[in-house]
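Report on one structure; see the data block that follows.
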Amino acid sequence: MTEEGARLSELAKRRGFFFRTAAAYGGVAGFYTYGPQGATLKDNVEAAWRDRFVTREGHMEVSSPDVMPEAVFEASGHLDGFDDMLVDCPECGASHRADHLVEDATDVADAESMSPQAVGELIAEHDIACPACGVALAGEPVEEFNLMFETTIGPGSGSAGYLRPETAQGIFVEFPQLAEYARNQLPFGVAQIGDAYRNEISPRKGLVRVRAFTQAELEHFVDPEEDEPPIERVADVTLPLYSAQAQQHGGEVRELTVGEAIEEGVVANDWIAYYLGVATPWYERIGVDMDRFRYRQHLPGELAHYAADCWDAETEVDGDWIEATGFATRADYDLAKHAEHSGEDYSVFKQYDEPIAVERPTVDPDMSVLGPEFGGAAGEVADALRSLAERDPDAFDGQEVTVEVDDTAHTVPVEATGFGIEEVTESGEHVRPHVIEPSFGVGRLVYTVLAHCYETDLVDGDERTYLALPPEIAPTTVGVFPLMDKDGLGERARDVERELRAAGLAVAYDDSGAIGRRYRRQDEVGTPFCVTVDYDTLDDHTVTVRDRDSTDQKRVAIEGLPGTLRSLRDGDLAFADL
RNA sequence: GCGCCGGUGGUCUAGUGGUAGGACAUGAGCUUCCCAAGCUCAUAGCCCGGGUUCAAUUCCCGGCCGGCGCACCA
5 MTEEGARLSE
15 LAKRRGFFFR
25 TAAAYGGVAG
35 FYTYGPQGAT
45 LKDNVEAAWR
55 DRFVTREGHM
65 EVSSPDVMPE
75 AVFEASGHLD
85 GFDDMLVDCP
95 ECGASHRADH
105 LVEDATDVAD
115 AESMSPQAVG
125 ELIAEHDIAC
135 PACGVALAGE
145 PVEEFNLMFE
155 TTIGPGSGSA
165 GYLRPETAQG
175 IFVEFPQLAE
185 YARNQLPFGV
195 AQIGDAYRNE
205 ISPRKGLVRV
215 RAFTQAELEH
225 FVDPEEDEPP
235 IERVADVTLP
245 LYSAQAQQHG
255 GEVRELTVGE
265 AIEEGVVAND
275 WIAYYLGVAT
285 PWYERIGVDM
295 DRFRYRQHLP
305 GELAHYAADC
315 WDAETEVDGD
325 WIEATGFATR
335 ADYDLAKHAE
345 HSGEDYSVFK
355 QYDEPIAVER
365 PTVDPDMSVL
375 GPEFGGAAGE
385 VADALRSLAE
395 RDPDAFDGQE
405 VTVEVDDTAH
415 TVPVEATGFG
425 IEEVTESGEH
435 VRPHVIEPSF
445 GVGRLVYTVL
455 AHCYETDLVD
465 GDERTYLALP
475 PEIAPTTVGV
485 FPLMDKDGLG
495 ERARDVEREL
505 RAAGLAVAYD
515 DSGAIGRRYR
525 RQDEVGTPFC
535 VTVDYDTLDD
545 HTVTVRDRDS
555 TDQKRVAIEG
565 LPGTLRSLRD
575 GDLAFADL
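Residues in the first sequence are numbered consecutively from 5, following the numbering used here.
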């Protein structure tokens, strides 16, 4: 780990932001516990997200269980698609995707859907060798590795359940209920902040790749034909865009406004462009250094199979770019899958302005003919006729029509099918919404903010470390100190502390050691303001308020202090204007 | 999952085949009093298991954890 990451994890552990889980038992890779500072910081980031992406957008929020039954992930594709087949080289120990080796060496196109045994046999048949060292891999076991954590629901063997690998499925699966709640009116957005779990092969880099992590996801359901985002609200926001084309041809990040990006077609999807415009000021609001930030478009080969386009918000920490958010278009992939697997209706009914008349082929089979003719199969023949009429009305042009039921052809005189063209009135249609998905990794944002807010400077010749966290997300808003803990100063300071807490402020009280040391303690956890009770306080009921970033102090009357500090926290008042 | 390197108080580290020393931090006290001052005292450590040995924190093996590289990251 390079310097930035090292000093960050040192500070995080020492000051209670985050640390390895269950270190007493040797720890466990890929799991981190947020300490007192970190948990509050994370809460504040989530609150800021909720404010911007739920409350102010008028979306709704849900909270679904972390464990879902197997069927959900069969439908979503995670059960198969989240499964990697690995084969290890006996010589050099390199680990390879077995299905990829087979696809490269044979004309098999979709080895991923085959059984591991079958893939192993193909490796032997085609004498596939280790790409790293050339040793034959025949006979080496092909092992499946699914990135989902499995569990059982209920006693005994129970039924299979999985910890969700993304919070999104908890939204998609409930779509019928949520659409009903939204009174079947598109567009609407459903958000969820919650934990997701992936049994990563190799967790790395502190909070960046972990096995249990918090996502803040928004699924915005839109009518693909009609709905347009309110681009004008964000048209002037500047986006640092690193397009797929730029990545492939040695280009660089381009600064374009949302309006320009759409105009030039750099961001093809207006909804994605809209959310990039919403998100950009938000990152700045929570303390991301926008000079170490970019939007990177997925390369064609990187795209998920359901995604037409995807942009990641990336932040630079330690020389690496961290994927902090994915802005994806998922089209109707998930809703279609759940509709297919569950048999439920994952669409909304869109009423036309005016009902329209349409001609529709219908059949009304004469069962007194079909019954005697086909016996028990008569019902199925009738169904087959109905679906044929829908698909291919021209089939009924002749004297007879033939349908297949269970591989048996049945021929029916057209006049017995009751075929006709009927004029019906349609008052609307079923629309399957498309989904725009901004998906935020909360832990990665917390990590970024800590890294980007880490500052050092000199105060009276002494080096100082402080976290320049925005007051809104700082875990503690104000430190309260008596200049000395005697002559009644401590009691006065306790009064101030109580008053500030009662006003809903996050307060840290500290009376240990010298005043300078207490300032430095609060600096290191990013507390933006400190209030000190001194001898003047006893006479004139004022205190000093000290600003973290400038270390400047101002005298402020105790009366009105809670309101002043709240205004400072909420950004309604700047310290310089005190 | 593989390879290389590593693991000593809360943190950073010194050192050793005979179980450890410092700095910072923390707590108590004195002192000082608006930016990590000083003094005294105190708390606190050799990742886990097995082996070799009279004796293992030290050497060997395995595990766990971490860093880096490879692979992986719908």
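Glycine residues also receive a C-beta, built at the ideal position from the N, C-alpha and C atoms.
Being a predicted model, the structure only gives us computed values, none of them experimental.
Checklist entry - Does the distance from the C-beta atom of Tyr458 to that of Asp527 stay below 8 Å? => result no
Item to check | Whole-Å CB distance - Glu78 paired with His345, under 8 Å assumed | outcome: 6 Å
Next on the checklist: Can you find the residues in the same chain that come closer than 7 Å, C-beta to C-beta, to Thr452, ignoring five residues on each side of it along the sequence?
Outcome noted: Val292, Thr319, Val321, Ile326, Ala328
Next on the checklist: Quick check: Phe22 and Leu211, are their CB atoms within less than 8 Å of each other?
Outcome noted: yes
Checklist entry - Where does Met5 land, buried or exposed, given buried means 16+ other C-beta within 10 angstroms? => result Legend: pLDDT at Met5 = 49, less than 50; position of this residue unreliable, no value from coordinates given.
Checklist entry - Is Ala580 buried or exposed, if buried means 16 or more other CB atoms sit within 10 Å of its CB? => result Residue environment for Ala580: exposed (fewer than 16 other C-beta atoms within 10 angstroms of its C-beta).
Checklist entry - When DSSP labels each residue in this structure, what does Arg19 get in the three-state scheme? => result coil
Checklist entry - Among the residues of its own chain, which have a CB less than 6 Å from the CB of Thr156, if the five just before and after it don't count? => result Excluding residues within five positions, the ones whose Cβ falls inside 6 Å are Gly162.
Checklist entry - Should Glu221 go down as buried or exposed, given a rule of 16 or more other Cβ atoms within 10 Å for buried? => result buried
Checklist entry - Given that a residue counts as buried once 16 or more other Cβ atoms are within 10 Å of its Cβ, and exposed if not, what is Glu426? => result exposed
Checklist entry - If Pro532 and Pro479 are in contact, beta carbons under 8 Å, what's the gap, nearest whole angstrom? => result About 11 Å; that fails the 8 Å criterion.
Item to check | Nearest-angstrom beta carbon gap, Val535 and Arg496 [assumed within contact, 8 Å] | outcome: Not a contact, Cβ separation roughly 11 Å.
Checklist entry - alpha helix (DSSP H) containing Glu377: first to last residue? => result Looking at the DSSP string, the run of the alpha helix (DSSP H) that includes Glu377 is 371–378.
Item to check | Cutoff 8 Å; reference Thr460; Cβ partners in own chain excluding five residues on either side | outcome: Glu467, Arg468, Thr469, Tyr470
Next on the checklist: Strictly by DSSP, which residues pair up with Trp325?
Outcome noted: Answer is Glu320.
Checklist entry - By Cβ distance, which residues of its chain are closer than 7 Å to Val270, with the 5 residues on each side in sequence left out? => result Leu245, Ser247, Leu260
Item to check | Which listed residue (Val482, Arg289, Pro442) has its alpha carbon closest to that of Trp315 | outcome: Ranked by Cα distance from Trp315, the first of Val482, Arg289, Pro442 is Pro442.
Item to check | Contact between the segment 201–211 and the segment 180–187 (3+ Cβ pairs under 8 Å) | outcome: No, the segment 201–211 is not in contact with the segment 180–187.
Item to check | Sheet register partners of Leu245 (DSSP bridge) | outcome: Assignment of beta-bridge partners to Leu245 by DSSP yields Arg258, Tyr299.
Checklist entry - Which partner residues of His438 appear in the DSSP bridge assignment? => result Val226
Checklist entry - Beta carbon of Phe176, beta carbon of Asp357: below 8 Å? => result no
Item to check | Per-residue burial, Lys490 [other beta carbons within 10 Å of its own, 16 or more giving buried] | outcome: Result: exposed.
Item to check | Proximity winner among Val416, Arg502, Thr218, Ser351, relative to Gly432 (alpha-carbon distances) | outcome: For the set Val416, Arg502, Thr218, Ser351, the Cα lying nearest the Cα of Gly432 is the one of Ser351.
Next on the checklist: Just to confirm the assignment: which complete alpha helix (DSSP H) runs, minimum length 4, are found wholly within the segment 501–571?
Outcome noted: 519–528, 539–544
Next on the checklist: Quick check: what's the CA-CA separation for His253 versus Asp295?
Outcome noted: 23 Å
Checklist entry - Quick one: what's got a C-beta closer than 8 Å to Met191's C-beta in the same chain, skipping five residues either side? => result Note that residue 191 is Pro in the sequence shown here, rather than Met. These residues qualify, in order along the chain: His224, Phe225, Val226, Asp227, Asp231, Pro437.
Checklist entry - Where does the unbroken alpha helix (DSSP H) through Thr452 begin, and where does it stop? => result 446–457
Next on the checklist: Ignoring anything shorter than 3 residues, give me the beta strand (DSSP E) runs that lie fully in the segment 27–65, in order along the chain.
Outcome noted: 36–38
Next on the checklist: For Asp274, which residues in the same chain have their Cβ closer than 7 Å to its Cβ, ignoring the five residues on either side in sequence?
Outcome noted: Glu232, Pro233, Ile235, Ile266
Item to check | First through last residue of the alpha helix (DSSP H) which encompasses Ser391 | outcome: 382–395
Next on the checklist: At the level of alpha carbons, what is the spacing between Val409 and Thr415?
Outcome noted: Approximately 11 Å, taken between the alpha carbons.
Item to check | Proximal residues to His456 (C-beta, below 7 Å), its chain only, five neighbours per side dropped | outcome: Around His456: Gly291, Val292, Asp293, Arg296.
Item to check | Neighbour-count burial assignment, Ser333, 16 or more Cβ in a 10 Å radius | outcome: In the sequence on display, residue 333 carries Thr and not Ser. With 16 or more other Cβ atoms within 10 Å, it is buried.
Checklist entry - Curious, which full-length alpha helix (DSSP H) runs of at least 4 residues does the segment 169–194 contain? => result 172–176, 179–185
Item to check | Presumed contact (8 Å Cβ cut-off) between Leu392 and Val407, rounded CB distance | outcome: That belief holds up - the Cβ atoms of Leu392 and Val407 are roughly 6 Å apart, short of 8 Å.
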